[in-house]
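A quick write-up on the structure given underneath.
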Amino acid sequence: MPAEIGTVLVTRRFGDEENKKITSYEAQGGYKVARAAMVKTREEIVDEVKASNLRGRGGAGFPTGLKWSFVPKDATDVHLVVNCDESEPGTCKDRELVYWDPHLLIEGMIIAAHALGAVHNYIYIRGEMMREYAVLVKAVEEAYARGYLGEKIMGSGKQACHITVHRGAGAYICGEETALLNSLEGLRGQPRLKPPFPAIKGLFGKPTVVNNVETIMNIPFIVEKGGQWFADLGVGRSGGTRTVCVSGHVEKPGVYELPMTITFRELINDICGGVWKGRKFKGLIPGGTSMPPLGESEIDVPVEFDALVTDERIKPVEVTEGVNFDMGGGRELRTMAGSGGIVVFDDQTDVVALTSRIMGFYHHESCGQCTPCREGTGWMDKICKRLANGEGKVGDVELLGNIANGIAGNTICALGEAAAWPMMGFLTKFRSEFLARETVGKADGNEGEAA
Amino acid sequence: MSLKFSDEATSKLEVLYERYPSKQPVILAALHLAQKEFGDLRDEVIDLVGETLDLSSAHVYGVATFYTMFRRKPGGKTSVRICTNVACMLRGGYDVLAAFEEKLGLKKGESNDEFSVIEEECLAACANAPAVVCGTKYFLDVTPDQVDEIVEFLKSNPHPESEVA
Numbered sequence: 000m001p002a003e004i005g006t007v008l009v010t011r012r013f014g015d016e017e018n019k020k021i022t023s024y025e026a027q028g029g030y031k032v033a034r035a036a037m038v039k040t041r042e043e044i045v046d047e048v049k050a051s052n053l054r055g056r057g058g059a060g061f062p063t064g065l066k067w068s069f070v071p072k073d074a075t076d077v078h079l080v081v082n083c084d085e086s087e088p089g090t091c092k093d094r095e096l097v098y099w100d101p102h103l104l105i106e107g108m109i110i111a112a113h114a115l116g117a118v119h120n121y122i123y124i125r126g127e128m129m130r131e132y133a134v135l136v137k138a139v140e141e142a143y144a145r146g147y148l149g150e151k152i153m154g155s156g157k158q159a160c161h162i163t164v165h166r167g168a169g170a171y172i173c174g175e176e177t178a179l180l181n182s183l184e185g186l187r188g189q190p191r192l193k194p195p196f197p198a199i200k201g202l203f204g205k206p207t208v209v210n211n212v213e214t215i216m217n218i219p220f221i222v223e224k225g226g227q228w229f230a231d232l233g234v235g236r237s238g239g240t241r242t243v244c245v246s247g248h249v250e251k252p253g254v255y256e257l258p259m260t261i262t263f264r265e266l267i268n269d270i271c272g273g274v275w276k277g278r279k280f281k282g283l284i285p286g287g288t289s290m291p292p293l294g295e296s297e298i299d300v301p302v303e304f305d306a307l308v309t310d311e312r313i314k315p316v317e318v319t320e321g322v323n324f325d326m327g328g329g330r331e332l333r334t335m336a337g338s339g340g341i342v343v344f345d346d347q348t349d350v351v352a353l354t355s356r357i358m359g360f361y362h363h364e365s366c367g368q369c370t371p372c373r374e375g376t377g378w379m380d381k382i383c384k385r386l387a388n389g390e391g392k393v394g395d396v397e398l399l400g401n402i403a404n405g406i407a408g409n410t411i412c413a414l415g416e417a418a419a420w421p422m423m424g425f426l427t428k429f430r431s432e433f434l435a436r437e438t439v440g441k442a443d444g445n446e447g448e449a450a
Numbered sequence: 000m001s002l003k004f005s006d007e008a009t010s011k012l013e014v015l016y017e018r019y020p021s022k023q024p025v026i027l028a029a030l031h032l033a034q035k036e037f038g039d040l041r042d043e044v045i046d047l048v049g050e051t052l053d054l055s056s057a058h059v060y061g062v063a064t065f066y067t068m069f070r071r072k073p074g075g076k077t078s079v080r081i082c083t084n085v086a087c088m089l090r091g092g093y094d095v096l097a098a099f100e101e102k103l104g105l106k107k108g109e110s111n112d113e114f115s116v117i118e119e120e121c122l123a124a125c126a127n128a129p130a131v132v133c134g135t136k137y138f139l140d141v142t143p144d145q146v147d148e149i150v151e152f153l154k155s156n157p158h159p160e161s162e163v164a
């Protein structure tokens, strides 16, 4: 039976400053699950997480139990790294999660570290999150003082678990897991080629699991109540609840933990009070700006991971009109659930200006390592800017599609796709608005709507 | 070498060395501390960090210039980071940026002794857009007419980013 609205796990302690204290967390049963987990075997915990259908909440939605099982069984010196580098535009859940409930993250990490045989573990937190960094450092200190972290944790007499909060310094790319590992090692945050995958050769050359904040915060619930219970909260291959961040033109933006089965239309109208100022809906970005947008006819689809990939009500992304983008082997791209960052825009929005801002972001954040991304994001930024400024040239729209198609699939990391997919996605869904901006060199001398 | 880390910074670094297999991973923490103690990461500060962590100055320079929060030149006491990315843009982020620029007489990227004005990428506060962050202090759901009040508050309550280094 899928969760109902009101079933909340990771956000249940939101809103009360007292909650982040260890005494308050313990009074609510905190750290009991971690203590009980210490007597379970690694396999028992990994099997429970596999059964839970927990999928990574950072963007890719990869099954967490499967990721954990890639770590070789006889491995020593394993590391668990929590990715708290939340920077995908439109995404604001992890920052809130660590601020309101840092001990739930620590408890989840203790259990995960036990299941992975990891001793030295790290939380990589984004540099700009200064308030949250202070909260996390304090919570980790409290957990050490209480014996939940350290050499012989929870009276086990043998198990060691260390957590170090590692602060970044401003670089979107460090949210990519191998760039994050390079940054943790004291290098420029540029992604690594895969394979080898981090589970085999990750941090300091050792097997490493990188998990998102929200993913790890679900672990105590799974270990306490069982994988099947968690799987039943969700639907299909996606267990648990979904924490979404709704921003943009709605009456009540916010971070909401909801059933996987809720549709975007229900989310906007029933949870967020509808489109603001009585205006009409135009479109939304479903999971951070790197995901192709959805138009009015496509929002009766649930926010669940697989639905966004396969639901035929969502039009496939095109390179140019009538030519679908090929993800490899003829696979179509609709969209993806991504990071849960949902940005809604109303009917008065200039989508060309919106796309231009997105391309400006990816251009700024490209690490410069791969030519298609370094050069291509710059070209898309430049062309989008001139379209938005009323200086678009005939042929610009087709050129944008071609550039995006040339980036996707040709770079070391997914930042290439993160820029190319929304470019092609916005062109697919709002092509006429882009074409209307091709004013320079047009035979009829139409100046178009410049602003 | 003329520059030296304070005893407080040195002891913080020594605690961190224990958490990693070598000194190199401590570089971001060392650069944050160096920026706190010396105001910016000019060449002699880069050299100091290299000496301290047994790394070449070239390596330290490469890392320091990759990350946007590190500055090579002096800046204001409080960095005002104003988000204009999509969620903030849709709710008036550019108007907020313009209001700060006008009030402080600084364009984005410019500084005086008190303030630096920085156009920031998504701050992960999208549900409360437009958002502005100054050190550990967030200003949420900001409107241009609140900017005077925010600036006056920051003048009497500076929020340097070094407060958490």
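Respectively, the protein sequence lines represent chains A and L. Numbering-wise, the first sequence is residues 0 to 450 according to numbering that gives the first Met the number 0. Numbering-wise, the second sequence is residues 0 to 164 according to numbering that gives the first Met the number 0. Each residue gets a CB set at the ideal place from its N, CA and C atoms; glycine is no exception.
In chain order, what residues of the same chain lie with their CB nearer than 7 Å to the CB of residue i, ignoring the 5 residues before and after it?
i               : result
I382 of chain A : D395, L398, L399
Y171 of chain A : S86, E364
V45 of chain A  : G64, W67, S68, A114
V308 of chain A : R333, M335
S78 of chain L  : S115, I117, C133, E160
L153 of chain L : T77, C133
A449 of chain A : Only weak support is given to the placement of A449 of chain A: the predicted model assigns it a pLDDT of 43, under 50, and the value that follows is read from those uncertain coordinates. Within the same chain, A449 of chain A has close Cβ partners G389.
V70 of chain A  : V77, L115, A198, P206, V208
R166 of chain A : I124, G126, Y132
Ignore the nearest five residues each way along the sequence and tell me which others in residue i's own chain have a CB closer than 6 Å to its CB.
i               : result
T455 of chain A : Since the displayed chain A opens at 0 and closes at 450, residue 455 of chain A lies outside it and no answer follows.
E95 of chain A  : V254
P62 of chain A  : R54
D76 of chain A  : K205
G29 of chain A  : H102
C412 of chain A : E175, P190
A403 of chain A : A419, M422, M423
C125 of chain L : A86
E17 of chain A  : S23
A7 of chain A   : Note that residue 7 of chain A is Val in the sequence shown, not Ala. These residues qualify, in order along the chain: E256.
I149 of chain L : F138
Tell me, please, which residues DSSP counts as bridged to residue i.
i               : result
C372 of chain A : None, per the DSSP bridge assignment.
R166 of chain A : A:I124
G391 of chain A : A:E437
I117 of chain L : L:R80
N127 of chain L : Per DSSP, none; premise fails for N127 of chain L.
Y137 of chain L : L:V132
H161 of chain A : A:H119
F204 of chain A : Before going further, note that residue 204 of chain A is Gly rather than Phe in the sequence given. According to DSSP, which records beta bridges pairwise, G204 of chain A is partnered with nothing at all.
H78 of chain A  : A:T207
G253 of chain A : A:V245
P258 of chain A : A:T240
V274 of chain A : A:V249
P62 of chain A  : A:R54
Assuming residue i contacts residue j under a Cβ cut-off of 8 Å, what Cβ separation, rounded to an integer in Å, is found between them?
i               : j               : result
A29 of chain L  : L12 of chain L  : 6 Å
R312 of chain A : E297 of chain A : 6 Å
L183 of chain A : V80 of chain A  : 7 Å
V134 of chain A : L148 of chain A : With a Cβ gap of about 16 Å, V134 of chain A and L148 of chain A do not count as contacting.
L428 of chain A : D346 of chain A : The sequence given here places Lys at residue 428 of chain A; Leu does not occur at that position. Their Cβ separation, rounded to whole angstroms, is 14 Å, which puts K428 of chain A and D346 of chain A out of contact at 8 Å.
R18 of chain L  : H78 of chain A  : That belief does not hold up - the Cβ atoms of R18 of chain L and H78 of chain A are roughly 12 Å apart, past 8 Å.
T262 of chain A : D299 of chain A : 5 Å
T177 of chain A : K193 of chain A : 7 Å
Y98 of chain A  : R145 of chain A : So it is not a contact: roughly 21 Å between Cβ atoms.
A57 of chain L  : V44 of chain L  : Their Cβ separation, rounded to whole angstroms, is 15 Å, which puts A57 of chain L and V44 of chain L out of contact at 8 Å.
Ignore the nearest five residues each way along the sequence and tell me which others in residue i's own chain have a CB closer than 8 Å to its CB.
i               : result
E451 of chain A : The structure shown does not extend to residue 451 of chain A, since chain A is modelled only from 0 to 450, so the question has no answer here.
E303 of chain A : G233, V234, G235, S237, R241, M259, T260, A336
field: Length at least 3, wholly inside the segment 221 to 251 of chain A: the beta strand (DSSP E) runs in chain order
entry: Taking only runs of at least 3 residues, the beta strand (DSSP E) segments lying wholly in the segment 221 to 251 of chain A are 240 to 247.
field: Members of the segment 48 to 72 of chain L that neighbour chain A once the beta carbon cut-off is set at 7 Å
entry: Within the segment 48 to 72 of chain L, the qualifying residues are G61, V62, F65, Y66, T67, M68, F69.
query: Considering only residues of the segment 276 to 355 of chain A, which uninterrupted alpha helix (DSSP H) runs meet the minimum length of 4 residues and lie entirely inside it, listed in chain order?
result: With a minimum length of 4 residues, the continuous alpha helix (DSSP H) runs that stay inside the segment 276 to 355 of chain A are 304 to 309.
task: Output, in sequence order along the chain, the residues in the segment 149 to 183 of chain A whose CB is closer than 8 Å to any CB in chain L.
output: Hits within the stretch, in order: H161, T163, H165, R166, G167, A168, G169, A170, Y171, S182, L183.
message: Which complete alpha helix (DSSP H) runs does the segment 45 to 114 of chain L hold, if anything under 4 residues is left out?
response: The qualifying runs are 56 to 63, 85 to 88, 92 to 103.
message: For the segment 119 to 153 of chain L, list every residue whose C-beta sits within 8 Å of some C-beta in chain A, in sequence order.
response: For the segment 119 to 153 of chain L, which is checked against every Cβ of chain A, the residues closer than 8 Å are E119, E120, C121, L122, A123, A124, C125, A126, N127, A128, V132, G134, T135, K136, Y137.
query: At which residue ranges does the segment 82 to 158 of chain A contain complete beta strand (DSSP E) runs of 3 or more residues, listed in the order of the chain?
result: Listed in chain order, they are 119 to 124.
- request: Scan the segment 261 to 290 of chain A for residues whose Cβ lies nearer than 7 Å to a Cβ of chain L and list them as they occur along the chain.
  value: Of all residues in the segment 261 to 290 of chain A, T288 have a Cβ within less than 7 Å of some Cβ in chain L.
- prompt: Got a sec: which bits of the segment 81 to 93 of chain L sit with their beta carbon under 8 Å from any beta carbon on chain A, in order along the chain?
  reply: Taking 8 Å as the Cβ-Cβ cut-off against chain A, the residues of the segment 81 to 93 of chain L that qualify are T83, N84, V85, A86, M88, L89, R90.
task: Output, in sequence order along the chain, the residues in the segment 235 to 257 of chain A whose CB is closer than 8 Å to any CB in chain L.
output: The residues in question are C244, V245, S246, G247, H248, P252, G253, V254.
- request: Pull out every residue of the segment 334 to 351 of chain A whose Cβ sits closer than 8 Å to any Cβ of chain L, in chain order.
  value: Of all residues in the segment 334 to 351 of chain A, G340, V342, F344, T348 have a Cβ within less than 8 Å of some Cβ in chain L.
field: chain L contacts from the segment 85 to 116 of chain A (Cβ-Cβ distance under 9 Å)
entry: Answer in chain order: E85, S86, E87, P88, G89, T90, C91, K92, D93, R94, E95.
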